[in-house]
Structures are given as structure tokens and as C-alpha cells.
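For reference, the structure is listed below as C-alpha cells.
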Amino acid sequence: MAGRAAGADLLPSRPITFGDGRVVVSGDVSLSFGSPDDGYFNLFDYSHDAFNVLTMSLSAEIRATDRIGVVAKVTDEISLREREPGPSDRHVIYPYAIYLKLQPAPDKPFSVLVGRIPPVFGGFARRDYGETNPLIGQPLAYGYPTTQLPYPPPSRRELVLNRGGGWAVRYPRATALYGPQGVPLVSARRWDTGVSAQWNGDKLEAGVAVTQGTLSQPRTEDDNGGKQISGRFGVKPSPSVSLGVSAARGRFLSDDYAAYLPEATRSGHFDQQAYGIDGEYSLGHLVVRGEIVASQWGTPFLNGDPTLRLKALGTSLEGRIALSPRWSFAVRGDRLGFSEITTSTGDILTWDAEVRRVEGGFGYLVRRNVRLKATYQYNWREGGRIRSQGMAGAQLLYWF
Numbered sequence: 016m017a018g019r020a021a022g023a024d025l026l027p028s029r030p031i032t033f034g035d036g037r038v039v040v041s042g043d044v045s046l047s048f049g050s051p052d053d054g055y056f057n058l059f060d061y062s063h064d065a066f067n068v069l070t071m072s073l074s075a076e077i078r079a080t081d082r083i084g085v086v087a088k089v090t091d092e093i094s095l096r097e098r099e100p101g102p103s104d105r106h107v108i109y110p111y112a113i114y115l116k117l118q119p120a121p122d123k124p125f126s127v128l129v130g131r132i133p134p135v136f137g138g139f140a141r142r143d144y145g146e147t148n149p150l151i152g153q154p155l156a157y158g159y160p161t162t163q164l165p166y167p168p169p170s171r172r173e174l175v176l177n178r179g180g181g182w183a184v185r186y187p188r189a190t191a192l193y194g195p196q197g198v199p200l201v202s203a204r205r206w207d208t209g210v211s212a213q214w215n216g217d218k219l220e221a222g223v224a225v226t227q228g229t230l231s232q233p234r235t236e237d238d239n240g241g242k243q244i245s246g247r248f249g250v251k252p253s254p255s256v257s258l259g260v261s262a263a264r265g266r267f268l269s270d271d272y273a274a275y276l277p278e279a280t281r282s283g284h285f286d287q288q289a290y291g292i293d294g295e296y297s298l299g300h301l302v303v304r305g306e307i308v309a310s311q312w313g314t315p316f317l318n319g320d321p322t323l324r325l326k327a328l329g330t331s332l333e334g335r336i337a338l339s340p341r342w343s344f345a346v347r348g349d350r351l352g353f354s355e356i357t358t359s360t361g362d363i364l365t366w367d368a369e370v371r372r373v374e375g376g377f378g379y380l381v382r383r384n385v386r387l388k389a390t391y392q393y394n395w396r397e398g399g400r401i402r403s404q405g406m407a408g409a410q411l412l413y414w415f
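At position 33 of the sequence shown the residue is numbered 48 (my numbering), and the sequence of numbers has no breaks.
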């Protein structure tokens with residue numbers, strides 16, 4: 016019988032290699048579309064949110080020698096729904112990562128990274144955001160915009176007036192109708208610039224980094240003369256169990272804004288401190304992940320109110336089960352809470368509004384590198400213009 020011609024895939028199904036494996040190119044494309052996020056619960060930035068975005072990423076690793084390599088990643092994001100009123104940056108391209116990778120001993124799991132580098136803190140931020148995230152949304156600690164900003168609030172009163180409005184903080188000194196977006200506890204979609212040393216062994220993981228910005232405000236340039244030191248230590252007592260602890264501390268407030276503070280306050284070091292615990296357990300077709308992130312910012316006020324330690328605590332618990340070789344189900348519960356402060360009128364309030372979230376949905380593996388997700392998410396918030404919202408969405412993810 017005559018042989019039948021083999022059909023070739025239109026798109027690659029695995030990383031592309033050149034030069035005897037010294038150049039490796041990979042990428043992913045995700046198309047997410049769902050309900051309008053009128054409550055701004057899933058913002059990446061003002062124009063982009065997790066349920067309405069087309070994201071395309073391309074990565075390349077070039078190995079000059081067995082010990083020296085260069086890694087780069089570029090991300091292109093297109094918002095699928097325009098906000099009114101809103102800025103015109105619906106289409107943004109940014110360098111997600113570019114760093115030099117040094118391996119002093121190629122046969123050891125030790126490396127030194129220099130440049131715009133992956134984080135060493137926490138669990139979720141160190142994972143890829145496509146295939147390893149079984150849902151469309153991100154944990155609240157890694158994306159939800161709080162009312163904390165990289166410049167000081169006018170007063171305690173103005174701070175609490177903005178509770179639940181981190182998507183566009185309105186202070187009287189802002190000239191635009193919509194002020195800047197607040198920062199999350201940890202930025203999962205922007206990497207910091209600096210140097211790190213990491214050990215990724217079968218039983219032990221350890222990493223330490225010195226970077227320009229902080230977890231919530233990564234930067235390419237130093238704006239305050241300070242550096243952040245972050246680290247994580249993890250153990251894997253068995254293939255099905257992993258545990259990790261993280262910590263970070265760095266100067267947060269820009270020197271440009273410190274000049275507006277009362278003279279007695281200017282000499283302070285206003286930093287962000289964060290601590291984290293993450294864990295993972297797998298049993299058969301079930302994977303359970305949990306994480307706790309605690310952050311606090313030393314926050315001065317322009318009117319001379321006493322400097323406060325504004326604290327936030329994010330908790331997340333996620334489970335994913337494979338129902339069949341193609342079908343899976345996942346669910347995640349989140350809570351983001353804030354410490355209390357006393358206002359100038361004597362009221363005791365949390366400095367931002369508590370948020371809770373539940374998201375669940377199914378995933379279907381169309382091909383080995385194409386997955387379709389359909390999820391429903393519901394949010395509750397104790398403040399803000401919209402205090403609760405449910406949204407449904409679907410995501411098509413392709414990677415190679």
C-alpha cells in the first residue's frame with residue numbers, strides 16, 4: 016500500500032532550537048474574554064484586566080558557553096475592551112525579562128542572574144502564569160491594587176476616604192480626574208532589576224536577590240538610593256510535598272516625593288517589608304497549593320500626621336484535580352485584609368477595604384500545548400464604588 020504523507024503542525028508544539036541547542040526560543044499566547052470588570056478587581060494596569068486581554072510573549076535563551084547564557088522575554092498586551100473614560104494605552108509592549116545567567120559549575124543546580132530577573136520571593140510569582148495557573152484570575156496578593164502608592168498620602172483622612180478605590184486613587188493634589196493606580200502586595204507581572212543567586216536542587220531550594228525596587232514597585236532605575244534584599248528558602252521532603260518561606264525589605268518611597276514631606280520627617284527610611292509562606296501537596300490527580308503573604312509599608316503623610324506602618328495580609332488556597340487526561344477542575348479562595356488606623360476624627364477603620372474572592376472552573380486540554388479554560392469568579396469588598404461582583408470568562412492558551 017502507498018504511504019500517506021505526514022501532515023505538519025501549523026504552529027510549533029515545543030521550543031524551537033538553533034545552533035546545536037545553544038539557542039532556544041519559546042512563547043505563549045493567551046486570549047481571555049469575559050464579563051466587564053466594572054469593580055476593577057483583576058487589574059494589570061488601568062487598561063488591562065485578567066478577563067479581557069490578549070497576551071503574547073516570546074522568550075529566548077542563548078547559551079554562549081556551558082557557563083554563560085542570556086535570557087530575554089518580551090510581552091505584548093492588547094486590551095479587548097476599552098474603558099471610558101480612560102487612557103489610550105490599550106496596546107503595550109514591554110521587556111518582561113532580560114538577564115545574564117551564569118552557572119559556575121554546569122553540573123550543579125546553582126546560578127547567578129544579573130539584569131531584569133525572576134523574583135525569588137513567594138510561590139505564585141515564581142511560576143509561569145499560563146499553564147501552571149489553572150484559573151484566569153491571579154491571587155489577590157499578587158495583583159489586586161491597594162490604595163498604597165509610591166508617594167505619601169496627604170493625610171490619614173484622605174487615605175481612608177479612598178478605601179476600596181485602589182484602581183484610581185483620588186487625592187486633592189492630583190490634577191487628573193483619575194489618579195494613579197495603587198500597588199499590590201507583590202507585583203507578579205513586572206520583574207525587578209538587580210542580581211540574584213539561586214540553588215534549585217531536588218531537595219533544597221534557596222535564593223537571595225538585591226534589586227532596585229521593592230516587591231510591590233519593581234524598577235529599572237534606583238529612585239531613592241536604597242536597595243531591596245529578598246530571599247526564599249524551600250524544602251522538598253518528598254516529590255509530592257514542598258514548603259517555602261520568604262522575606263524581603265527595601266526602600267519604597269521615591270526621593271522626589273520625600274522632598275514634599277515636613278522637614279522633620281524627610282530623613283526617615285520609608286520601606287516595604289514582606290514575609291511569605293508557601294506550600295504545595297499532590298496526591299494522585301490532586302494538587303493543592305496554599306500561600307500567605309504579609310506586607311507592611313512605612314508611610315508618612317504630607318500634613319505631618321505621624322508615620323504609620325500600614326499592614327496587609329493576603330491568603331490563598333487553591334486546588335486542582337484531573338478528572339480525565341483532558342478535563343480538569345480547579346478552585347481558589349482568597350482573602351486580603353488590612354490593619355486598622357485611627358483617623359483625625361477618632362474613627363477606627365482599616366486603611367483599605369477587605370477583599371474576598373472565590374474562583375472556580377474547568378480546563379480542557381485541546382492538544383498537549385493548547386488549553387481552554389472556563390471559570391466563574393465572585394468578589395466581595397467592604398468599601399469602594401462597587402462592593403461585590405461576579406464575572407464569567409473563558410481563556411484559550413497556547414504555548415511552545
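All C-beta atoms, glycine included, are put in the ideal place defined by N, C-alpha and C. This one's a predicted model, so the numbers in the text were calculated from it and none came from an experiment.
**Report entry** Opening and closing residue of the beta strand (DSSP E) in which residue 111 lies
**Finding:** 106-117
Query raised in the report: Candidates 305, 146, 273 and 167: which alpha carbon is nearest residue 387's?
Result: 146
Query - Endpoints, beta strand (DSSP E) assigned at residue 303 - result: 301-314
**Report entry** Segment limits, beta strand (DSSP E) that includes residue 173
**Finding:** Here residue 173 belongs to no beta strand (DSSP E); instead the alpha helix (DSSP H) covers 171-176.
Report task. Would you mind sorting residue 414 into buried or exposed? The rule is 16 or more other CB atoms within 10 Å of its CB. Result -> buried
**Report entry** Own chain residues within Cβ distance below 6 Å of residue 108, not counting five before or after
**Finding:** 91
Query raised in the report: Using a threshold of 8 Å, is the CB atom of residue 141 nearer than that to any non-hydrogen atom of the ligand MN?
Result: The model depicted lacks the ligand MN and carries no ligand whatsoever.
Query raised in the report: Where does residue 123 land, buried or exposed, given buried means 16+ other C-beta within 10 angstroms?
Result: exposed
Query raised in the report: If you draw a straight line from the alpha carbon of residue 86 to that of residue 402, how long is it in whole angstroms?
Result: 42 Å
Requested in this report: Determine, using beta carbons only, whether residue 155 and residue 331 come nearer to each other than 9 Å.
Outcome: yes
Report task. Rounded to whole angstroms, what's the CA-CA distance from residue 308 to residue 328? Just pull it up for me. Result -> 6 Å
Query raised in the report: Whose C-beta lies closer than 6 Å to the C-beta of residue 204 among residues of the same chain, with five residues either side of it excluded?
Result: 59
Query raised in the report: Is it buried or exposed for residue 199, if we count other Cβ within 10 angstroms and need 16 for buried?
Result: buried
Query raised in the report: So the alpha helix (DSSP H) residue 270 belongs to, where does it begin and stop?
Result: 270-273
Query - residue 290, DSSP secondary structure in three states - result: strand
Query raised in the report: Do residue 389 and residue 409 have their C-beta atoms within less than 9 Å of each other?
Result: yes
Query raised in the report: Which residue comes first and which comes last in the beta strand (DSSP E) that contains residue 385?
Result: 385-396
Query raised in the report: residue 502: which of 73, 97 and 153 sits nearest, CA to CA?
Result: Absent from the model: residue 502. The displayed extent of the chain is 16 to 415, so no value can be given.
Report task. Less than 8 Å between the CB atoms is what I'm expecting for residue 255 and residue 298, so what's the real figure, rounded? Result -> 6 Å
Query raised in the report: If we call anything under 9 Å between Cβ atoms a contact, is residue 242 one with residue 222?
Result: no
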